[in-house]
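Report on the structure given below.
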Amino acid sequence: MLVEELFEGFIGLDWRDVVMMLVGGVLIYLAIKHKFEPLLLLPIGLGAMATNLPLGGLTDEDGLFSVLKSAGLEGNNKLFPLLMFLGLGALTDFTPLLQRPTTMLLGAAAQAGIFVSLMAAIALDFSLRESGSIAIIGSADGPTTIFVASQLCPDTDTCPNEVLGPVVVAAYSYMAMVPIIQPPIMKLLTTRAERSIPMEYTDRPVPKLLKVLFPILVLIVGGLLAPKAIPLLAMFMFGNLMRESGVVDRLSNTAQNSLINIVTIFLGLVIGSTMTGESFLDLETLKILGLGLGAFIIGTASGVLFGKVMMVLSGRKINPLIGAAGVSAVPMAARVVQRVGQSERPDNFLIMHAMGPNVAGVIGSALAGGVILSRVPALAG
Numbered sequence: 574m575l576v577e578e579l580f581e582g583f584i585g586l587d588w589r590d591v592v593m594m595l596v597g598g599v600l601i602y603l604a605i606k607h608k609f610e611p612l613l614l615l616p617i618g619l620g621a622m623a624t625n626l627p628l629g630g631l632t633d634e635d636g637l638f639s640v641l642k643s644a645g646l647e648g649n650n651k652l653f654p655l656l657m658f659l660g661l662g663a664l665t666d667f668t669p670l671l672q673r674p675t676t677m678l679l680g681a682a683a684q685a686g687i688f689v690s691l692m693a694a695i696a697l698d699f700s701l702r703e704s705g706s707i708a709i710i711g712s713a714d715g716p717t718t719i720f721v722a723s724q725l726c727p728d729t730d731t732c733p734n735e736v737l738g739p740v741v742v743a744a745y746s747y748m749a750m751v752p753i754i755q756p757p758i759m760k761l762l763t764t765r766a767e768r769s770i771p772m773e774y775t776d777r778p779v780p781k782l783l784k785v786l787f788p789i790l791v792l793i794v795g796g797l798l799a800p801k802a803i804p805l806l807a808m809f810m811f812g813n814l815m816r817e818s819g820v821v822d823r824l825s826n827t828a829q830n831s832l833i834n835i836v837t838i839f840l841g842l843v844i845g846s847t848m849t850g851e852s853f854l855d856l857e858t859l860k861i862l863g864l865g866l867g868a869f870i871i872g873t874a875s876g877v878l879f880g881k882v883m884m885v886l887s888g889r890k891i892n893p894l895i896g897a898a899g900v901s902a903v904p905m906a907a908r909v910v911q912r913v914g915q916s917e918r919p920d921n922f923l924i925m926h927a928m929g930p931n932v933a934g935v936i937g938s939a940l941a942g943g944v945i946l947s948r949v950p951a952l953a954g
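Quick note on the working numbering: the sequence shown kicks off at 574 and runs consecutively.
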């Protein structure tokens, strides 16, 4: 009896638990060794390992992970992703977008992957709610993905396939792999001459009044276009307004640092806690991962292709590579654009030009999420 009690953890260990702990270990390895989104992959990986250890009670009704999930991801408020958006707004500088407003179109074009993958998921017999949750992976925006997917598929009654965990993990994993996924697509769709197009940096100052008014206008116009996106837009634009107003530096600094860091820790652990062997190791999860990757690829491709259209219309003054930054993985996608552009022409600096569609992609993904939240439940009935 004493021996059984001593080894009861080993006795309760299932092969699926072991596999998922190994997956968690891989995420930790990628975070530490390759620095792929370490702020999130590290807690996600540890959370996945801990939740698959038997008899720990972390996901019991009153367990630590259940309490965190209840506080931050359940109900109508979805506190964790909204607080993340507050911090991201405080960190965001809209200056590149305001200096070249036309790049907002690239942020819109890159959202095509969401709607293409929505149709593909439906074709693979996922329900409308499940398809909407899967499609939002294409936003390449973790908080938006969590906010939308957790509302569309809050439980197994609405979504029997338990898509929330795989969707969120896929979203953050593909965001982490932006430097691997995007460059081949960018090179496939552009010529070397196109990738070498120089773009002049504009130092045209943006009036402070415009910087203050911009988040307010985006909130109003975006909220009228996609009412379900108002919580995301409100928190993101409030964070940016604190930054640009210049009168609440303490609040802005807290949102940029302490607040977003605390939420990142809790959010990562909760995401990891959804990675149980029972819900992950099946064919449906593989379909979700494949659809999410497809959405990400299509979003990158559509941004680059629209960038080529703008290149032609501008008389080759716009480098089409910056369209790849429209997928919203801030600022990693912009850095990838810079790296690919400089590999062809070392004196070409594209990062500031790429930041315009990059931050526009955040707005675009929030609006796309709002449209899905409005239409999918109505169609699903």
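Ideal placement from N, C-alpha and C gives every residue a C-beta, glycine not left out.
Remember, predicted model here, so these are calculated numbers, not experimental data.
1. Residue range of the alpha helix (DSSP H) that Thr718 falls in?
2. How should Glu773 be labelled, buried or exposed, when 16 other C-beta atoms within 10 angstroms of its C-beta is the threshold for buried?
3. Can you give me the Cβ contacts of Arg889 inside the same chain, cut-off strictly under 7 Å, excluding the 5 residues immediately before and after it?
4. Rounded to whole angstroms, what's the CA-CA distance from Gly819 to Leu859? Just pull it up for me.
5. Could you check if Thr729 is buried or exposed, using at least 16 other CB atoms within 10 Å of its CB as the buried criterion?
6. Going by C-alpha to C-alpha distance, which of Ile710, Ala696 and Val794 sits closest to Met748?
7. Might you give, ordered along the chain, the residues of its own chain that have their beta carbon closer than 6 Å to the beta carbon of Gln573, omitting 5 neighbours on each side?
8. On the CB-based measure, 16 or more other CB atoms within 10 Å of its CB, does Tyr745 come out buried or exposed?
9. Considering just the uninterrupted stretch of the alpha helix (DSSP H) at Ile844, what are its terminal residues?
10. Using a 10 Å radius around the Cβ and a threshold of 16 neighbouring Cβ atoms, would you call Pro919 buried or exposed?
11. Are Ser700 and Val721 closer than 8 Å when you measure CB to CB?
12. Near Ser639, what residues of its chain come up, given a Cβ to Cβ distance below 7 Å and the 5 sequence neighbours on each side ignored?
13. Given a cut-off of 8 Å, decide if Ala713 and Ala902 are closer than it, judged by their beta-carbon atoms.
14. On the criterion of 16 or more Cβ atoms from any shown chain inside 10 Å, does Glu851 qualify as buried, or is it exposed?
15. Quick one: what does DSSP say Gln755 is sitting in, helix, strand or coil?
16. Within 10 angstroms of the Cβ of Lys781, are there 16 or more other Cβ atoms? Answer buried if so, exposed if not.
17. The alpha helix (DSSP H) spanning Gly863 covers which residue range?
18. So, Gly896 versus Val877, is the Cβ gap smaller than 8 Å?
19. In three-state DSSP terms, what is Pro904?
20. Using the rule of at least 16 other Cβ atoms within 10 Å of the residue's Cβ for burial, across every protein chain shown, is Asp822 buried or exposed?
21. Evaluate the contact criterion for the segment 864 to 881 versus the segment 658 to 666: three or more CB pairs, one atom per stretch, below 8 Å.
On the basis of the data shown:
1. Position 145 of the sequence shown, counted from the first residue, corresponds to residue 718. Element bounds for Thr718: Gly715 to Leu725.
2. Taking the first residue of the sequence shown as position 1, residue 773 is located at position 200. Exposed.
3. Position 316 of the sequence shown holds residue 889. Excluding sequence neighbours, Arg889 sits near Ile770.
4. Translated into the one-based positions of the sequence shown, residue 819 becomes position 246. Translated into the one-based positions of the sequence shown, residue 859 becomes position 286. Each residue's Cα considered, the two are about 47 Å apart.
5. The residue labelled residue 729 in the question sits at position 156 within the sequence shown. Exposed: under 16 other Cβ atoms inside 10 Å.
6. Position 175 of the sequence shown holds residue 748. Considering only alpha carbons, the answer is Ile710.
7. Coverage of the chain is limited to positions 574 through 954, which leaves residue 573 absent and any answer about it impossible.
8. Here residue 745 corresponds to residue number 172 of the sequence shown, with the count starting at 1. With 16 or more Cβ atoms within 10 Å of its Cβ, Tyr745 is classed as buried.
9. Walking along the sequence shown from the start, residue 844 turns up at place 271. Its alpha helix (DSSP H) spans residues Ile833 to Ser846.
10. Counting from 1 along the sequence shown, the entry for residue 919 is found at position 346. With fewer than 16 other Cβ atoms within 10 Å, it is exposed.
11. What you label residue 700 is simply residue 127 of the sequence shown in a count that begins at 1. What you label residue 721 is simply residue 148 of the sequence shown in a count that begins at 1. No; because the gap between Cβ atoms is not below 8 Å, this pair is not in contact.
12. On the sequence shown, residue 639 is found 66 positions in, with the first residue counted as 1. The answer, listed in chain order, is Thr632 and Asp633.
13. Numbered from 1 along the sequence shown, position 329 holds the residue referred to as residue 902. Numbered from 1 along the sequence shown, position 140 holds the residue referred to as residue 713. Yes, these two residues count as a Cβ contact at 8 Å.
14. For this step, residue 851 is matched to residue 278 along the sequence shown. With fewer than 16 other Cβ atoms within 10 Å, it is exposed.
15. Position 182 of the sequence shown, counted from the first residue, corresponds to residue 755. Taken through DSSP and simplified to helix, strand or coil, Gln755 comes out as helix.
16. One-based indexing of the sequence shown puts residue 781 at position 208. Exposed: under 16 other Cβ atoms inside 10 Å.
17. Against the sequence shown, residue 863 aligns to sequence position 290. DSSP places Gly863 inside the alpha helix (DSSP H), whose first and last residues are Leu856 to Leu886.
18. Against the sequence shown, residue 896 aligns to sequence position 323. Against the sequence shown, residue 877 aligns to sequence position 304. Yes, these two residues count as a Cβ contact at 8 Å.
19. Here residue 904 refers to the residue found at position 331 when the sequence shown is read from its first residue. Looking at Pro904 - three-state DSSP - the assignment turns out to be coil, as it is neither helix nor strand.
20. Here residue 822 refers to the residue found at position 249 of the sequence shown. By the neighbour-count criterion, in which 16 or more other beta carbons inside 10 Å mark a residue as buried, Asp822 falls on the exposed side.
21. Contact between the segment 864 to 881 and the segment 658 to 666 is absent: fewer than three C-beta pairs spanning the two stretches fall below 8 Å.
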